[in-house]
Amino acid sequence: MSRKIGIVSMNYDHWEMGQILASIERNGYEADLIDPRKTILNLEEIYQKEARYKSILGRVERPVLQSGLIILKDLELRGEKVINNSRAIQYGQNKWYTSMLLAKMNIRHPKTICSYTNHAKDIIDQIKDFKYPIVFKPISGGRGEGVSRACCFEEAVEIITVLSNCNVPFYIQEFIHKKDEKGYFDYRVFVVGNEVIGSIRREASENNWKTNICNGGTARKMKMNCELAELAIQAAKAIDADVAGVDIIDSDEGYNVLEVNICPLFRGLYDATGINPAETIGKLLCS
């Protein structure tokens, strides 16, 4: 039996990746790094259908999404066991794909539209009954990059006019916000192998509405409840993810899933709680 674990990723210098590599080594396996920018595929290996790895972790980032998906599918067709397979990566790296699958599973999600048109008037017609504020996001993106907020219809029209001239699809969503004396906050719940292994409350910095840790947000230890945990597990299942960071926010109607992150960073969780998802990920890959 192979003593190798494959990892399809381009970011081997991230802290999270270093932790995963160390966990694999502690479990007695050797990691084989498969960089989508440096890989050659051979059709004969699909014909042979001979697995070379104990398992493979798909941690494909957006800059190499297309090549990464092809490599994961190639490995799957060879008979390899892939954790966060090509379907999960495809679904999780596209916000609209994620939204559709959450809706299919009847998981509460903010009111959302996705625009593939450059006709601003058509887009404006679609948001006339939205409640404000609303947020604009790129279809594929993370860490709060490229995200903007409109607090009224007039601001939304200005943003739509600009975005519609860029000839790229974008995502419009009602801004469900939870705020207390510390400011805006939400929850990030980490799911590995259909189990919740940890969670944090993410708090936006002063005078900011984005809770992303990389944008100055703060991770706080929190108490998990059964409803929140089950919702996160169902959201991860909706996109076929074995490893995910599920962003959830509370509202007057109950919990809403905002996003399902397929390549979640977890330094914030570790610093706030001492829980290291890499340990569970390593065990899952080596089991």
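Just so we're aligned, residue 800 is where the sequence shown starts under my numbering, counting upward by one.
C-beta: ideal position from N, C-alpha, C; glycine also.
- At the C-beta level, L962 and F935 come within 8 Å of one another.
- Contact between T911 and Y970 holds: their C-beta atoms lie close to 7 Å from each other, under 8 Å.
- Secondary structure at Q892: coil, using DSSP grouped into helix, strand and coil.
- Taking the Cα positions, F1065 is about 37 Å away from I923.
- Residue burial annotation: C1062 is buried, with at least 16 other C-beta atoms found within 10 angstroms of its C-beta.
- Burial is judged here by how many other beta carbons sit within 10 angstroms of a residue's own beta carbon; H908 has at least 16 and is buried.
- Residue state for S963 is assigned as helix, using DSSP reduced to three classes.
- In terms of CA proximity to C965, P937 leads the group F929, Q972, S808, P937.
- Excluding its 5 nearest sequence neighbours in each direction, Q892 has C-beta neighbours in its own chain below 7 Å: R861, L864, S939, I1061, listed in chain order.
- Taking all protein chains shown into account, I882 has 16 or more neighbouring C-beta atoms within 10 Å of its C-beta and is therefore buried.
- Remark: C-beta atoms of D831 and G805 approach each other more closely than 8 Å.
- Apart from sequence neighbours up to five positions away, the residues of its chain that approach C950 with a beta-carbon distance below 7 Å are Y931, P932, ordered along the chain.
- A straight-line Cα-Cα distance of about 12 Å links E994 and C1025.
- Distance from the CA of T960 to the CA of K803, rounded to the nearest whole angstrom, comes to 51 Å.
- Its chain contains S822 as the residues whose beta carbon lies nearer than 7 Å to that of E1078, once the 5 sequence neighbours on both sides are disregarded; these appear in chain order.
- For the pair V1059 and A1040, the CB atoms are nearer than the 8 Å cut-off.
- The DSSP-derived three-state label of Y986 is strand.
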